[in-house]
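One structure below.
2 protein chains.
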Amino acid sequence: MRNSIAVRRKQRQLSQAEVAVLTNVTRQTINAIENDKYDPSLTLAFELAACLGTTVDELFDFRGKRE
Amino acid sequence: MRNSIAVRRKQRQLSQAEVAVLTNVTRQTINAIENDKYDPSLTLAFELAACLGTTVDELFDFRGKRE
DNA sequence: TGTGAATGTAAAACATGTTTGACAAGGAGG
DNA sequence: CCTCCTTGTCAAACATGTTTTACATTCACA
Numbered sequence: 002m003r004n005s006i007a008v009r010r011k012q013r014q015l016s017q018a019e020v021a022v023l024t025n026v027t028r029q030t031i032n033a034i035e036n037d038k039y040d041p042s043l044t045l046a047f048e049l050a051a052c053l054g055t056t057v058d059e060l061f062d063f064r065g066k067r068e
Numbered sequence: 002m003r004n005s006i007a008v009r010r011k012q013r014q015l016s017q018a019e020v021a022v023l024t025n026v027t028r029q030t031i032n033a034i035e036n037d038k039y040d041p042s043l044t045l046a047f048e049l050a051a052c053l054g055t056t057v058d059e060l061f062d063f064r065g066k067r068e
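If you read the protein sequences in the order shown, they are chains A and B. Count along the first sequence starting at 1, add 1, and that's the number in the numbering used here. Count along the second sequence starting at 1, add 1, and that's the number in the numbering used here.
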């Protein structure tokens, strides 16, 4: 699922590694999610939203997603 | 993570089985999530919110959750 | 009574998310 | 040039979410 993590992260001048620490996951996890390798867990989604000063609904772009 | 799925589901007079069909998962999955056995995936969280006419942020009760 | 609808639960298999450790490449600045 | 920081990536192990099959309980109601 697409998201605006990279954009918002850069606006706040944070590295992937810093966001990782703030959200209690590894840098690889943040990198994978920014590059759409997989979706975060619901908990991580909430932590990311909090960390980037937004909401889950705004941070992630859910499109009915019929594949 | 706590949520208001059961309440909102009943307001709409839907059974767990009906919500399951609407969100493309099994009845057991809906039951487990309502009873806090585990958290849904981010995708399922969005589908549940859509199905129940609300948002992910309103449907789930995220509390910084330090355990 | 008894039948069907709704819910709770459980184990095994399977799918997806996360960590660990490691390596490569680009840019900024000494 | 050298070094550090940042980002991308990969494979194996591990953790969590989901399905399948199956059974038990309760409630409403014929």
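Idealized CB from N, CA, C, for every residue including glycine. Because the structure is a prediction, the values reported are computed rather than measured.
Practice problem: Kindly indicate the opening and closing residues of the alpha helix (DSSP H) around A/Q29. | Solution: Where A/Q29 is concerned, the enclosing alpha helix (DSSP H) stretches over R28 to E35.
Self-check item: Nonlocal neighbours in the same chain, by C-beta distance under 7 Å from B/Y39, ignoring five residues either side
Solution: Once the five neighbours on either side are set aside, the close Cβ partners of B/Y39 are A33.
Quiz item: Over what stretch of residues does the alpha helix (DSSP H) that includes B/F47 continue unbroken?
Solution: Its alpha helix (DSSP H) spans residues L43 to C52.
Quiz prompt | Nearest-angstrom Cβ-Cβ length linking B/A51 and B/F61, presumed shorter than 8 Å | solution = Not really, about 14 Å apart at Cβ, beyond 8 Å.
Quiz prompt | Reduced DSSP category for A/D62 - H, G, I as helix; E, B as strand; rest coil | solution = Three-state DSSP puts A/D62 in a strand.
Quiz prompt | Coarse secondary structure for A/R13, derived from DSSP in three states | solution = Here A/R13 sits in coil by DSSP.
Self-check item: Cβ-based neighbour list, B/Q12, same chain, cut-off 7 Å, excluding 5 preceding and 5 following
Solution: Closer than 7 Å at Cβ, skipping near neighbours: no residue.
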